[in-house]
Amino acid sequence: MPIGRKNSAGSAQSTSGAIVEATAVTYAYDETHVLKGVDLTISAGERLALLGANGSGKSTLLRMLAGAFKPDTGEVRLDGAAYEYSRRGRNTVRRSVQMVTQDPDEQIFAASVFADVSFGPVNMGLENEEVERRVREALVTAEIADLAERVPHQLSYGQRKRVALAGALAMHPRVLLLDEPSAGLDPQATRKLAHTLDQLRNQDTAVVVATHDIDFAWNFADRAAVLADGKLRVGSKEEILANQSLVEEARLTLPWAPVVSKTIGRDVLYPEDV
Ligand SMILES: Nc1ncnc2c1ncn2[C@@H]1O[C@H](COP(=O)(O)OP(=O)(O)OP(=O)(O)O)[C@@H](O)[C@H]1O
Ligand SMILES: [Mg+2]
């Protein structure tokens with residue numbers, strides 16, 4: 007993707023810089039109260055890591071931000087306007103906010119990678135030339151240009167995850183929500199993912215990653231949030247990810263970088279930074 011491209015709808019941002027705002031959101035599946043008053047603001051270009059134990063509600067919150075679920079109470083807004091849950095309203099949200107689910111097979115169904123990644127842009131009603139341009143660009147950013155003609159279901163799990171990511175990128179989202187994007191990836195594929203997400207910084211795309219991989223979160227994020235008992239605690243990555251009790255609430259251990267740097271008395275670099 008060309009460095010420096012702005013998202014097409016970027017100029018529509020509210021003056022506060024917030025793109026998506028969730029306010030006092032609650033949500034329950036029958037008797038299971040998952041979100042009990044969650045507030046979250048997502049601004050252009052920001053990178054937020056969302057942590058929490060299994061079953062704490064991370065995927066539920068991402069689906070809420072993506073407009074797939076409607077809050078029981080509270081609201082979610084895009085550029086200051088409350089989400090509408092009609093077909094039209096959901097399409098409006100989808101043009102700015104894209105979610106990639108943990109399981110790529112929930113989102114991949116076309117007969118070729120190219121066709122699959124085209125699906126969103128075609129549905130948006132874009133001209134063929136623009137669709138092709140976006141798909142090629144997304145395949146390059148997701149580092150799967152060589153897989154364009156392959157049958158998705160014959161690809162490896164990690165490759166299918168990149169196809170699903172490319173499908174979201176082709177929509178030029180202003181907010182990208184990734185549910186456990188590094189789960190099941192080998193270390194090299196995880197570094198490739200980090201590299202892909204780094205490129206999005208230049209386009210001011212906000213990226214929210216739900217993950218159990220605290221080292222990935224530490225490398226990736228500017229801000230972090232822990233979801234526990236239906237409440238979200240948000241802060242800078244240092245405030246959240248280097249806080250032992252919060253990290254334990256997410257059933258994780260501290261990321262190794264701040265721990266090692268404290269021990270040796272200087273910053274530590276990851277292998278790819280050396
Ligand atoms: N469709 C559903 N019907 C009923 N309960 C559900 C449904 N989906 C999720 N839940 C429940 O809601 C809670 C939150 O689930 P959610 O998938 O959001 O958690 P999570 O933080 O993403 O977990 P994980 O780390 O395992 O992915 C869990 O108790 C789960 O059992
Ligand atoms: Mg989940």
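As numbered in the working numbering, residues 7 to 280 make up the sequence shown, in order. The C-beta atom is built at its ideal place from N, Cα and C for all residues, glycine as well. All values reported here derive from a predicted model rather than from experimental measurement.
C-alpha distance - residue i paired with residue j, whole-angstrom precision
| i | j | result |
| --- | --- | --- |
| A28 | T196 | 29 Å |
| T147 | A116 | 20 Å |
| Y33 | T211 | 27 Å |
| L67 | D109 | 16 Å |
| D78 | V99 | 18 Å |
| H178 | R101 | 8 Å |
| L132 | V141 | 12 Å |
| N134 | D122 | 14 Å |
| E81 | D228 | 25 Å |
Contact test: residue i Cβ vs ligand 1 heavy atom, cutoff 8 Å
| i | result |
| --- | --- |
| K64 | yes |
| D228 | no |
| E186 | yes |
| G190 | no |
| L233 | yes |
| D36 | yes |
| V40 | yes |
| A174 | no |
| N60 | yes |
| L67 | yes |
Cβ-heavy atom distance, residue i to ligand 2, below 8 Å
| i | result |
| --- | --- |
| Q108 | yes |
| A216 | yes |
Status (buried if at least 16 other CB within 10 Å, exposed otherwise) for residue i
| i | result |
| --- | --- |
| Q209 | buried |
| N225 | buried |
| P127 | buried |
| Q250 | exposed |
| D235 | exposed |
| A157 | Looking at the sequence provided, one finds Val at residue 157 rather than Ala. Flag for V157 reads exposed. |
| D45 | exposed |
| Y89 | buried |
| S62 | buried |
Assigned secondary structure, residue i (DSSP; H/G/I helix, E/B strand, else coil)
| i | result |
| --- | --- |
| L71 | helix |
| T47 | strand |
| V157 | coil |
| L247 | helix |
| H201 | helix |
| I220 | helix |
| E90 | coil |
| I25 | strand |
| S17 | Below a pLDDT of 50, predicted positions are generally treated as unreliable, and S17, at 39, falls in that range; no measurement from the model is reported. |
| L171 | helix |
| Q104 | strand |
| K42 | strand |
| L252 | helix |
| K12 | With a pLDDT of only 44 at K12, under 50, the local geometry of the prediction cannot be trusted, and the value read off the model is given with reservation. Correct three-state label for K12: coil. |
| A148 | coil |
Of the listed residues the options, nearest to residue i (C-alpha basis)
| i | options | result |
| --- | --- | --- |
| A256 | V232, A88 and G80 | V232 |
| Q113 | A170, V213, L71 and H201 | A170 |
| G173 | Q104, D228 and L199 | Q104 |
| R83 | E155, A234, G23 and Q160 | G23 |
| V181 | L258, R93, R69 and E81 | R69 |
| N74 | V106, D192, G241 and K237 | The question names Asn, but residue 74 is Ala in the sequence shown. For A74, the nearest C-alpha among the options comes from V106. |
| L57 | R168, A223, S242 and R94 | A223 |
Closer than 8 Å: residue i CB and nearest ligand 3 heavy atom
| i | result |
| --- | --- |
| L84 | Within the structure as shown, ligand 3 is missing, the only ligands being ligand 1 and ligand 2. |
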